[in-house]
Amino acid sequence: MAARTLTIDGRLVSARAGESILEAARDAGIHIPTLCYLDGLSEVGACRLCLVEVAGSNRLLPACLTPVSEGMEVQTATERLREHRRAIVELLFAERNHVCAVCVASGNCELQNLAIQVGMTHVRYDYLNPVCAVDISHPQFGIDHNRCVLCARCVRACDEVEGVHTWDVAGRGIHARVITDLGVPWGQAETCTSCGKCLLACPTGAIFRRGTSVAELERDPKRIAQIVAARQERW
Amino acid sequence: MDLAELHAIAERERARRKAVRVLCCTSSGCQASRSLELFHQLEAAVTATGQDEAVEVASVGCMGFCGQGPMVRVEPANLLFERVRPEQAPEIIAALAGQPCSVERGDPNHPFFTRQMHVVRRNGGIIDPERIEEYIAAGGYEALYRVLHDFSPAEVIQEITRSGLRGRGGAGYPTGLKWATVAKSPGERKFVVCNGDEGDPGAFMDRSILESDPHLVLEGMAIAAYAVGAHEGYIFVRGEYPLAIQRLNRAINQARKLGLLGSQIFETAFDFKVEIRVGAGAFVCGEETALIASIEGRRGQPRPRPPYPAEKGLWGFPTLINNVETFANIVPIIENGADWYAAIGTEKSKGTKVFALTGKVRNTGLIEVPMGMTLREIVEDLGGGSPDGTPVKAVQTGGPSGGCIPARLFDTPVDYESLAAAGSIMGSGGMVVMDDHTSMVEIARFYMAFCMDESCGKCVPCRVGTVQMHRLLSKIAAGQATPVDLEQLEQLCRLVRETSLCGLGQSAPNPVLSTLRYFREEYEALLREDAAASANGKP
Chain A
671 MAARTLTIDG
681 RLVSARAGES
691 ILEAARDAGI
701 HIPTLCYLDG
711 LSEVGACRLC
721 LVEVAGSNRL
731 LPACLTPVSE
741 GMEVQTATER
751 LREHRRAIVE
761 LLFAERNHVC
771 AVCVASGNCE
781 LQNLAIQVGM
791 THVRYDYLNP
801 VCAVDISHPQ
811 FGIDHNRCVL
821 CARCVRACDE
831 VEGVHTWDVA
841 GRGIHARVIT
851 DLGVPWGQAE
861 TCTSCGKCLL
871 ACPTGAIFRR
881 GTSVAELERD
891 PKRIAQIVAA
901 RQERW
Chain B
3 MDLAELHAIA
13 ERERARRKAV
23 RVLCCTSSGC
33 QASRSLELFH
43 QLEAAVTATG
53 QDEAVEVASV
63 GCMGFCGQGP
73 MVRVEPANLL
83 FERVRPEQAP
93 EIIAALAGQP
103 CSVERGDPNH
113 PFFTRQMHVV
123 RRNGGIIDPE
133 RIEEYIAAGG
143 YEALYRVLHD
153 FSPAEVIQEI
163 TRSGLRGRGG
173 AGYPTGLKWA
183 TVAKSPGERK
193 FVVCNGDEGD
203 PGAFMDRSIL
213 ESDPHLVLEG
223 MAIAAYAVGA
233 HEGYIFVRGE
243 YPLAIQRLNR
253 AINQARKLGL
263 LGSQIFETAF
273 DFKVEIRVGA
283 GAFVCGEETA
293 LIASIEGRRG
303 QPRPRPPYPA
313 EKGLWGFPTL
323 INNVETFANI
333 VPIIENGADW
343 YAAIGTEKSK
353 GTKVFALTGK
363 VRNTGLIEVP
373 MGMTLREIVE
383 DLGGGSPDGT
393 PVKAVQTGGP
403 SGGCIPARLF
413 DTPVDYESLA
423 AAGSIMGSGG
433 MVVMDDHTSM
443 VEIARFYMAF
453 CMDESCGKCV
463 PCRVGTVQMH
473 RLLSKIAAGQ
483 ATPVDLEQLE
493 QLCRLVRETS
503 LCGLGQSAPN
513 PVLSTLRYFR
523 EEYEALLRED
533 AAASANGKP
């Protein structure tokens with residue numbers, strides 16, 4: 671496959687044709703924050719954290735979905751981008767109740783790590799404090815909607831990797847929620863195979879294994895990519 | 003079906019017509035004021051007076067002057083009756099025989115009518131939208147015949163390109179260029195999609211076109227399909243438009259029966275079938291990628307572009323998406339030629355534009371004017387100014403994606419570039435007039451509430467940013483805000499505009515930005531005085 675040469679943050683980088691800016695940057699050791707992106711799943715460009723500036727484009731482009739091109743000049747960490755990323759993480763923290771001190775995923779949470787990465791020391795926006803349910807109707811797993819960031823990684827893992835599509839999103843705007851089957855409690859979702867891929871994919875403490883206490887939840891989301899690669903390569 | 007048969011239908015229809023036609027608007031707006039009942043009463047009155055031989059009562063589409071509806075027009079006498087109640091039907095029929103009549107009379111020579119130029123709305127209020135024969139008698143489907151027999155697809159695209167037509171959905175992308183891109187995109191199948199998901203507050207142009215002249219849109223779509231090489235089409239209409247859906251369904255069935263849609267149209271090798279998809283009432287589904295997802299049966303959420311639908315649209319195939327009004331322009335262009343069309347309007351914005359004129363204005367309704375007419379002419383001449391004489395303060399154009407233009411800029415011509423320079427957009431064509439009693443902060447808050455409710459929830463800045471902006475606007479409106487809140491509001495405007503995934507979020511801050519640009523003093527006057535003082539370093 672033909673190679674492409676581009677510059678990312680002033681560094682010359684080589685990439686395969688068709689590769690995204692995000693992949694090229696990661697190969698070159700340049701870190702671009704992401705939340706809805708997960709290796710092995712389709713990209714949706716929803717969290718807007720991986721937005722980058724590309725010379726010649728007056729719009730900010732999602733690195734996960736923008737293919738590299740020859741001679742492209744990409745900036746991943748300008749002041750404007752850093753400001754936007756911090757504000758987006760703040761908006762997420764203000765949206766639902768992300769109280770790390772009482773969360774199963776504390777210490778192993780992508781949202782928590784993001785807040786540290788982008789230098790978020792406080793939230794400038796009003797906390798919206800929505801009433802969110804906790805569903806522990808499933809015998810093995812539970813979902814706490816207070817922790818959900820609507821990245822839809824569970825939805826894609828369930829649909830694209832497990833092939834079941836138990837998860838989906840219902841509702842609009844701030845009232846959007848992930849649901850199982852047609853909005854039944856998870857324990858009643860007849861399509862669920864209890865495979866646990868949604869748990870692997872979840873970046874926060876929203877989906878957890880029952881019986882897990884504060885800061886006990888550990889996962890390896892890379893296993894989703896391994897499963898996908900194993901199938902493609904027929905390991 | 004061939005041209006002779008088409009002409010025969012038209013002849014039969016003309017021969018069927020009676021000497022006097024009483025045209026009664028039965029579009030949604032007038033139906034809400036009992037026009038359907040009025041229509042039946044008019045028919046009964048004609049029968050009761052024994053005038054069946056000479057007088058016919060026809061159910062027609064929108065006449066435009068919706069604020070004065072229900073409307074009844076009598077041809078060929080050119081009598082116009084406004085705000086007609088069903089019980090006044092006998093009086094109108096008696097007036098045909100010269101009897102005195104107390105029903106409110108309209109003035110057909112009112113500037114509201116005379117200053118307009120009807121291209122898209124040419125059959126509105128004239129033909130019965132439920133009878134294909136009336137459309138054919140008005141010259142319908144001849145443009146499609148001509149295109150299929152005399153034009154190559156490339157020539158059609160050339161004609162549309164030369165006309166200078168730009169997308170009437172709002173962004174104003176050159177239509178010919180879009181058609182050419184779809185025509186050139188390789189694909190085993192191609193689709194033509196008509197975007198009828200009009201959801202802007204205050205806008206009802208597309209609904210009116212679909213209700214008043216559905217065949218004009220169908221014929222435009224068929225011509226587009228021939229030009230780009232598509233054989234399948236969808237019309238995506240919002241479920242809140244039941245009458246438009248019903249009339250479209252009827253129109254599709256009629257056209258199919260006559261062989262004007264379906265296989266081997268006009269005995270050529272061209273096949274084109276159209277289906278309706280009813281939207282469940284999500285504003286975001288007007289965004290083309292969300293609309294495609296919805297037609298495919300998925301949740302109506304946008305995806306980042308590129309790839310554009312012209313390259314990868316419905317089920318991954320090249321798809322042409324145009325708005326209802328854009329398709330309605332196609333037949334007139336083919337009939338009269340690109341030069342005729344290009345001579346209307348301004349240098350960069352050709353043709354006419356339909357606007358829904360509403361708000362604090364004497365004459366509300368639908369107007370179709372040549373591009374380049376100034377806002378002042380529209381508001382004062384056609385609209386008649388504010389109803390109670392209160393000075394007009396601003397006009398909001400473009401719906402939630404648009405902005406407010408202050409009265410001092412009313413000499414701005416209405417075209418894509420001038421509106422953009424004034425901080426607004428053409429949008430699909432909603433035009434809401436505001437007077438001095440209107441709070442611009444409240445207006446911004448209203449549109450933000452709309453965007454917040456209609457955000458699909460997929461991307462963070464739009465989903466949460468709009469909610470935070472709405473909270474800040476509420477705080478300002480309630481006199482609880484400080485200068486810091488205003489600053490935060492402006493920061494959020496920048497964030498949501500620059501980082502949102504689709505047009506809904508990217509344009510959601512526009513009403514705030516435009517009101518801040520022209521009416522900042524209204525925001526500042528609402529800030530808490532003590533907070534303002536402390537921000538200025540005063541004790």
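Going down the list, the protein sequences come from chains A and B. Residue numbering for the first sequence follows the numbering used here, starting at 671 and increasing by one per position. Residue numbering for the second sequence follows the numbering used here, starting at 3 and increasing by one per position. Just so you know, even glycine gets a beta-carbon here, dropped at the ideal spot from N, CA and C.
| Asked | Found |
| --- | --- |
| Interface positions of the segment 94 to 123 of chain B facing chain A (Cβ-Cβ less than 7 Å), listed along the chain | none |
| Nonlocal neighbours in the same chain, by C-beta distance under 7 Å from Leu497 (chain B), ignoring five residues either side | Pro463 and Gly467 |
| Contacts that Ile844 (chain A) makes with chain D (C-beta to C-beta distance below 8 Å) | The question asks about chain D, but that chain is absent: this structure's protein chains are A and B. |
| Cβ neighbour criterion (16 or more within 10 Å) applied to Arg18 (chain B) | exposed |
| Neighbourhood of Pro541 (chain B) by C-beta distance below 6 Å, restricted to the same chain and skipping five residues each side | With a pLDDT of only 46 at Pro541 (chain B), under 50, the local geometry of the prediction cannot be trusted, and the value read off the model is given with reservation. There are no such residues. |
| Interface flag, Ile702 (chain A) vs chain B, CB-CB below 8 Å | no |
| Buried or exposed (CB count within 10 angstroms, at least 16 for buried), His754 (chain A) | buried |
| Proximal residues to Pro393 (chain B) (C-beta, below 8 Å), its chain only, five neighbours per side dropped | Ala409, Asp437 and Asp438 |
| Nearest neighbour of Val831 (chain A), chosen from A:Gly726, A:Ile897, A:Glu903 and A:Thr675 [CA to CA] | A:Ile897 |
| Glu714 (chain A) vs Ala822 (chain A) beta-carbon contact at 8 Å | Note that residue 714 (chain A) is Val in the sequence shown here, rather than Glu. In contact: Val714 (chain A) and Ala822 (chain A) (Cβ atoms closer than 8 Å). |
| Segment contact, 8 Å Cβ cut-off, at least three pairs: the segment 114 to 125 of chain B with the segment 91 to 106 of chain B | no |
| Distance between Arg258 (chain B) and Val22 (chain B) (C-alpha atoms, nearest Å) | 31 Å |
| Identified DSSP bridge partners for Asn197 (chain B) | B:Phe238 and B:Asn325 |
| Minimum Cβ-Cβ distance from Pro203 (chain B) to chain A less than 8 Å | no |
| Through-space distance from Gln53 (chain B) to Ile134 (chain B), alpha-carbon basis | 25 Å |
| Closest residue to Tyr175 (chain B) among B:Gly425, B:Tyr310, B:Tyr449 and B:Leu518 (Cα-Cα distance) | B:Tyr310 |
| Beta-carbon proximity of Gly432 (chain B) to Asp202 (chain B), cut-off 8 Å | yes |
| Assigned secondary structure, Ser690 (chain A) (DSSP; H/G/I helix, E/B strand, else coil) | strand |
| Inter-stretch contact (C-beta, 8 Å, three-pair minimum) for the segment 468 to 480 of chain B and the segment 251 to 265 of chain B | no |
| Close-in-space but distant-in-sequence residues of the same chain around Ile11 (chain B) (CB under 7 Å, 5 per side omitted) | Glu135 and Ile138 |
| Glu58 (chain B) (DSSP reduced to helix, strand or coil) | strand |
| Reference Leu82 (chain B); option with closest CA among B:Arg36, B:Thr28 and B:Val24 | B:Val24 |
| Status (buried if at least 16 other CB within 10 Å, exposed otherwise) for Tyr797 (chain A) | exposed |
| Nearest-angstrom Cα separation, counted from Val819 (chain A) out to Glu749 (chain A) | 25 Å |
| For Gly404 (chain B) and Asn512 (chain B), the rounded distance between their alpha carbons | 6 Å |
| Residue-level contact to chain B via CB, Ile786 (chain A), 8 Å cutoff | no |
| Segment contact, 8 Å Cβ cut-off, at least three pairs: the segment 326 to 341 of chain B with the segment 758 to 769 of chain A | no |
| Where Glu886 (chain A) falls: helix, strand or coil (DSSP) | coil |
| Min CB distance Arg879 (chain A) to chain B below 8 Å | no |
| CA-to-CA distance, Ser502 (chain B) to Met471 (chain B), given in whole angstroms | 14 Å |
| Short Cβ contact (8 Å threshold) for Cys734 (chain A) with Ser776 (chain A) | no |
| Neighbour flag for Cys828 (chain A) against chain B, beta carbons, 8 Å | no |
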